[in-house]
Structures are given as C-alpha cells and as structure tokens.
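**Q** Chains as they are written, first to last, in the numbering used here: chain A, 625 to 739; chain B, 1116 to 1228.
Glycine residues also receive a C-beta, built at the ideal position from the N, C-alpha and C atoms.
Fair warning: this is a prediction, and the values are worked out from it, not measured in the lab.
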Amino acid sequence: EAAVTQSPRSKVAVTGGKVTLSCHQTNNHDYMYWYRQDTGHGLRLIHYSYVADSTEKGDIPDGYKASRPSQENFSLILELASLSQTAVYFCASSDAGLANYAEQFFGPGTRLTVL
Amino acid sequence: GDSVTQKEGLVTLTEGLPVMLNCTYQTIYSNAFLFWYVHYLNESPRLLLKSSTDNKRTEHQGFHATLHKSSSSFHLQKSSAQLSDSALYYCALSVGSNYQLIWGSGTKLIIKP
C-alpha cells in the first residue's frame, strides 16, 4: 500500500552506461521530485515536475534527464553514468493544493553504484 | 538567495538527555514555512513537524519546535532522548511561489545508552 514506490531498489551500473530510475505514486499528487542524497550534502533536488509531460530543472540537473509520462510516473535518466553519480536517489510527491505547506512523501530510495 | 543552515552535522547524546538540533534560515519572504523531516536508517524520509506561525510551538511524537521569525530560527527539541531517536534530521524551508523545499544539510543524531 506504499504510496510512492521506486524501482530498482539498488543498481550497479558501469561508467558510460545508461541508467533509468523509476518512480510511481498513488497519492494523486501533482508534484513529483527526484533527489540525491550524499553524506554531508543532505538532499539535493535534481528535477521536479508539477504536471504530466513537463519537467523542471532543480538545483543539480547536470548529467540527469527526467521524464513524466503520466501523473503517476516520474523517471530519472542518466544517459552516461559517471562515478560521481554514485548516491542514493529518492523520489517524492506532494499535493500542489497545499502550496507552500505541502508535505513531501518519499519513496524508499534507490542505491546506485557506478563502477 | 534563500537558504537553511544546520550547523551541526553530527550530534551525539546519552539517552535521557535533552535534544536540541539547530536550524536557521534566510529568506526575503515574510511567509516562511518551516519543516523538520526525519530519516531513519533503511526507511524513507518523512515529515516530523511543520510550522508557519510565528512564536507558536508545534509538537509531534515527543519533539517540538517554535518558529521565531525575529531570529529566523526553527530549532528542534525533545526533553529526553531515546535510543530510537537516532536518525538523520533535516530542516527545510518553503517560500515563494514554486513550492520547492530548500533543505539544510542535515544533522545526524546518535543516541547512546
């Protein structure tokens, strides 16, 4: 019954390879987000989306693309994976109707290791 | 620009002692919304508490925080730490019209017996 799910939960990728991380939410939320978590940096926003078929750049978009084919699904794409992209990635969703007071609901995370 | 500062990267306490995790923020907006999220190991980050009301204490699960706009602070407190409080705590700010969260760098709290 988890409202935000991510797949895969962990992945090992080779440098230069393509990686796609998927996120699915059943919250009926308009906003979806992709974050990466690194020790010492906390959560950093990569891309976000507030409507299907549209994505926006976050604070650290370089090296990442995003895709929002439907309200429920939001993917993060690494076209050419690099060692520096080894991190834990979290997807989240929030209700646009609550504006600035909206809570973000997080998925379980994907641990990506690039070798 | 807008920012959130959590000065302590790591706080280690003995069980039973009070907890205080610091959070200060900077923004040009008067309508600041502040959040504390908690991230337990092997779980997802989740909201602990939030506030937008100046000088009003907000409580949840034994933790409390008061937004002080005069000092731009939203410190997280608990009267008596428990082993189960060990986690990563994030302070976050939402302002303006894009509804994004501006995150602090997080404070890792370790409670020892």
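What do you get for A:I670, buried or exposed, if any count of 16 or more other CB atoms within 10 angstroms of its CB means buried?
**A** Within the first sequence, residue 670 of chain A is the residue found at index 46, counting from 1. The residue is buried, with at least 16 neighbouring Cβ atoms inside 10 Å.
**Q** As an exercise, report each continuous beta strand (DSSP E) stretch of at least 3 residues that is fully enclosed by the segment 644-724 of chain A, in chain order.
**A** As far as the segment 644-724 of chain A is concerned, its whole beta strand (DSSP E) runs of at least 3 residues are 655-662, 666-675, 678-681, 689-691, 697-702, 711-718.
**Q** Are there three or more Cβ pairs, one per stretch, closer than 8 Å when the segment 1209-1225 of chain B is compared with the segment 1120-1129 of chain B?
**A** Cβ pair count under 8 Å is three or more, so yes.
**Q** If A:V738 sits next to A:L707, beta carbons under 8 Å apart, how far is it from one beta carbon to the other, in whole angstroms?
**A** Position 114 of the first sequence holds residue 738 of chain A. Position 83 of the first sequence holds residue 707 of chain A. Sure, about 5 Å apart at Cβ, within 8 Å.
**Q** With DSSP collapsed to three states, give me the class of B:S1195.
**A** Your numbering for residue 1195 of chain B matches position 80 in the second sequence. Three-state DSSP puts B:S1195 in coil, outside helix and strand.
**Q** Rounded to the nearest angstrom, how far is the Cβ of B:L1198 from that of B:F1178, given a contact under 8 Å?
**A** Residue mapping note: residue 1198 of chain B aligns to position 83 of the second sequence, counting from 1. Residue mapping note: residue 1178 of chain B aligns to position 63 of the second sequence, counting from 1. Rounded, the Cβ-Cβ distance is 15 Å, inconsistent with contact.
**Q** Quick one: residues in its chain with C-beta nearer than 6 Å to the C-beta of B:V1119, no 5 flanking neighbours on either side, listed in chain order?
**A** In the second sequence, counting from the first residue as 1, residue 1119 of chain B sits at position 4. Y1140, C1206, L1208, I1217, G1219.
**Q** Return the first residue and the last residue of the beta strand (DSSP E) that B:C1206 is part of.
**A** Walking along the second sequence from the start, residue 1206 of chain B turns up at place 91. Unbroken beta strand (DSSP E) run through B:C1206: 1202-1209.
**Q** Can you name, in chain order, every residue of its own chain whose Cβ lies under 6 Å from the Cβ of A:I684, other than the five neighbours on each side?
**A** The residue labelled residue 684 of chain A in the question sits at position 60 within the first sequence. Cβ neighbours of A:I684 beyond the five flanking positions: R668, I670.
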